[in-house]
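Residue numbers for the sequence shown follow our numbering, beginning at -14 and rising by one.
Below: the structure, in structure tokens.
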Amino acid sequence: AAGAPWFFTLFGRDSIWAARFMLPLGTRLAGDTLRVLAGLQGTRSVAESAEQPGKIMHELRRGALEIPGENISLPPLYYGTVDATALWVCLLHDAWRWGLPGDEVRSMIPQLVAALEWMRDFGDADGDGLLEYIDSTGRGLANQGWKDSGDSVQWRDGTLADGPIALCEVQAYAFEAASHGAELLDHFGVEGGAEWRAWAARLKSRFNETFWIQDADGAYPAIALDSQKRAVDTVTSNLGHLLGTGLLDGRQAALVARRLVSPELNSGFGLRTMSTDSAGYWPLSYHGGSVWTHDTAIAIHGLSRDGFTAEAGALVSGLLAAASGFDYRMPELHSGDASSTFASPVPYPAACRPQAWSAAAAVSVLGSLLGLRPDAQSATIGVSPSPLAGSLSVSGLRLGDANVSIELNTDGEVIAAAGAAILVG
């Protein structure tokens, strides 16, 4: 379940991210999540539920969901998400790297192929090489990325963007899914790997042509393209999801890393969803200025993966400061008010607590501090500890069937390890 009390049900995106965060502790949760979602994968096109062949679902409820005053009516099984399908592929690949048994992965190759084909045939509805979404019913979710509130995609002046919307992070997920999906196809002797690598290369080129814009502080990727393929110029935390996926080159990644730790985005208690120089910013806006633990953890992972250890450390320090204010039980979200203004993070009154991906984010952040790079096929784990890790002893990690432990000294150097071959650096 995504969270209590408001989202105590299955959400595709939330479940995938929570399972992905938890992979250093074993693949069972990921395997179960993958199979459940594969069992609900779309097989036909139904406008009312947004189901499409190969698409991974958004949410499951006992009955229809009606939201009074917002003209939202969702069927019990709803597929209105643009990102869960690519993220499902990413989870399958990551779980394989952490040691999900080959026969389990092989059993989901048909669903993998269907998910990849959904990205090409339905996700890119207009054939421009990018994934976009629009609610065709007028009663579904207007926004279908993780920031799914009605005002989450807006221009810097506060004007809402018109759909179809192509989100920046969705292109990153799709690039990673196509690249890593191709690796899985190759490994399991299934045709199509070269096709999907070429598809990913075209997406990357298209992204570079259309998403990069500039302001007084330099170049950065827009949050989205609107219905007219204009780059929506608000600076948001969505940028953090681009890192670590392979979509950005080194120069581009450095530009994004610098933005993420700017005072406009970094609150000192985590990453704001929207920068403070945007007209729509409000620290208690659900997706327009608040801080989400999982969102910050994704940025930390990407920064660490792309070698920006100082920037990752700054965001880790902020999350730890926030955690102490919540007795280390992180809520769904909290206010984006700055740590220079408030000694403790300001709670968001209606936040779920616990929230699955907020709780699981702690494991992901630990993995980022250690710089873990699993390769179950060779029974090795790469380790590149952050200086912030300091003296640390970690046990209970899992690589396939092996229990792994790692010990660092005060300089963050590996001084002992067991359970797998550890490759330092």
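We treat Cβ as the ideally placed atom computed from N, Cα and C, and that holds for glycine.
In this text, all values refer to a predicted model and were calculated from it rather than measured experimentally.
Compare the Cα-Cα distances from residue i to each of the options and report the closest residue.
| i | options | result |
| --- | --- | --- |
| Gly24 | Val389, Pro9, Ser92, Ala308 | Ser92 |
| Ala204 | Gly178, Ala403, Ala242 | Ala242 |
| Ala4 | Gln237, Gly303, Glu36, His279 | His279 |
| Ala401 | Gly385, Leu384, Ser376 | Ser376 |
| Asn394 | Leu373, Ala69, Gly235, Ala406 | Leu373 |
| Gly178 | Lys189, Ala163, Phe(-8) | Ala163 |
| Phe107 | Thr144, Val90, Gly27, Gly174 | Gly27 |
| Phe(-7) | Trp342, Val331, Gly397, Ala185 | Trp342 |
| Glu176 | Ser247, Val138, Ile94, Glu392 | Ile94 |
| Asn193 | Arg13, His43, Arg257, Gly114 | Gly114 |
| Pro316 | Gly235, Gln37, Gln156, Ala346 | Ala346 |
| Ala364 | Leu188, Arg82, Thr144, Pro61 | Arg82 |
| Thr122 | Trp184, Asn56, Gly112 | Asn56 |
| Ser190 | His172, Gln199, Leu145, Ala157 | Ala157 |
| Pro206 | Lys214, Gln213, Val220 | Val220 |
| Trp103 | Asp68, Ser369, Pro330 | Asp68 |
| Asp202 | Ser260, Leu228, Leu101, Ala35 | Ser260 |
| Ser247 | Gly231, Gly265, Ser222 | Ser222 |
| Pro60 | Gly84, Val31, Asp111, Gly39 | Val31 |
| Val276 | Ala264, Gly303, Ala295, Leu228 | Gly303 |
| Asp79 | Leu169, Ala183, Leu233 | Leu169 |
| Thr230 | Thr294, Arg290, Leu8 | Arg290 |
| Arg383 | Arg46, Ile407, Gln213, Leu101 | Ile407 |
| Gly16 | Pro86, Gln362, Ala216, Ala49 | Pro86 |
| Gln349 | Ala306, Leu288, Val331 | As written in the sequence, residue 349 is Ser, which differs from the Gln given in the question. Among Ala306, Leu288, Val331, the Cα nearest to that of Ser349 belongs to Leu288. |
| Trp(-9) | Pro339, Leu152, Val379 | Pro339 |
| Leu126 | Gly84, Tyr64, Asp111 | Tyr64 |
If you draw a straight line from the alpha carbon of residue i to that of residue j, how long is it in whole angstroms?
| i | j | result |
| --- | --- | --- |
| His165 | Asp109 | 19 Å |
| Leu20 | Asp136 | Here residue 20 is Arg; the residue named in the question, Leu, does not match the sequence. Roughly 33 Å separates the two Cα atoms. |
| Gly148 | Ile119 | 6 Å |
| Gly253 | Leu354 | 18 Å |
| Gly381 | Ala403 | 11 Å |
| Asp322 | Glu51 | 32 Å |
| Val98 | Leu76 | 14 Å |
| Asp396 | Arg358 | 20 Å |
| Leu250 | Ala308 | 18 Å |
| Asp142 | Asp262 | 10 Å |
| Leu22 | Met42 | 7 Å |
| Ala159 | Asp218 | 22 Å |
| Gln139 | Ser320 | 19 Å |
| Thr12 | Thr144 | 43 Å |
| Cys337 | Gly298 | 26 Å |
| Gly273 | Ile208 | 12 Å |
| Ala405 | Leu72 | 28 Å |
| Ile150 | Ser134 | 14 Å |
| Val155 | Ala(-13) | 20 Å |
| Ala186 | Gly265 | 34 Å |
| Ala416 | Ala167 | Residue 416 is absent from the structure shown; the chain starts at -14 and stops at 410. |
| Asp88 | His172 | 12 Å |
| Ser270 | Gly174 | 48 Å |
| Val74 | Ala35 | 19 Å |
| Val301 | Arg29 | 43 Å |
| Gly292 | Gly225 | 14 Å |
| Ser212 | Leu14 | 38 Å |
| Asp234 | Asn388 | 35 Å |
| Asp(-1) | Lys132 | 12 Å |
| Gln362 | Pro53 | 51 Å |
| Ala49 | Arg215 | 35 Å |
| Trp181 | Phe(-4) | 27 Å |
Where DSSP assigns a beta bridge to residue i, which residues make up the other side?
| i | result |
| --- | --- |
| His319 | Val276, Pro332 |
| Ser378 | Glu392 |
| Arg358 | Gly367 |
| Phe(-8) | Gly(-12) |
| Gln139 | Leu145 |
| Glu36 | Val31 |
| Met259 | Thr221 |
| Ile150 | Tyr118 |
For the alpha helix (DSSP H) that contains residue i, what are its first and last residues?
| i | result |
| --- | --- |
| Trp197 | Careful: Trp197 lies outside any alpha helix (DSSP H), inside the beta strand (DSSP E) at 197 to 200. |
| Ile472 | Absent from the structure is residue 472, since the part of the chain shown begins at -14 and ends at 410. |
| Arg236 | 235 to 245 |
| Gln156 | 153 to 172 |
| Ala307 | 294 to 310 |
| Thr18 | 13 to 24 |
How far does the beta strand (DSSP E) with residue i in it reach, from first residue to last?
| i | result |
| --- | --- |
| Leu393 | 387 to 393 |
| Val409 | 406 to 409 |
| Ala435 | Since the first residue shown for the chain is -14 and the last is 410, residue 435 is missing from the structure and cannot be characterised. |
| Gly203 | 203 to 206 |
Handout entry: Residue ranges of each beta strand (DSSP E) within the region 46 to 123, 3 or longer
Key = 50 to 52, 57 to 59
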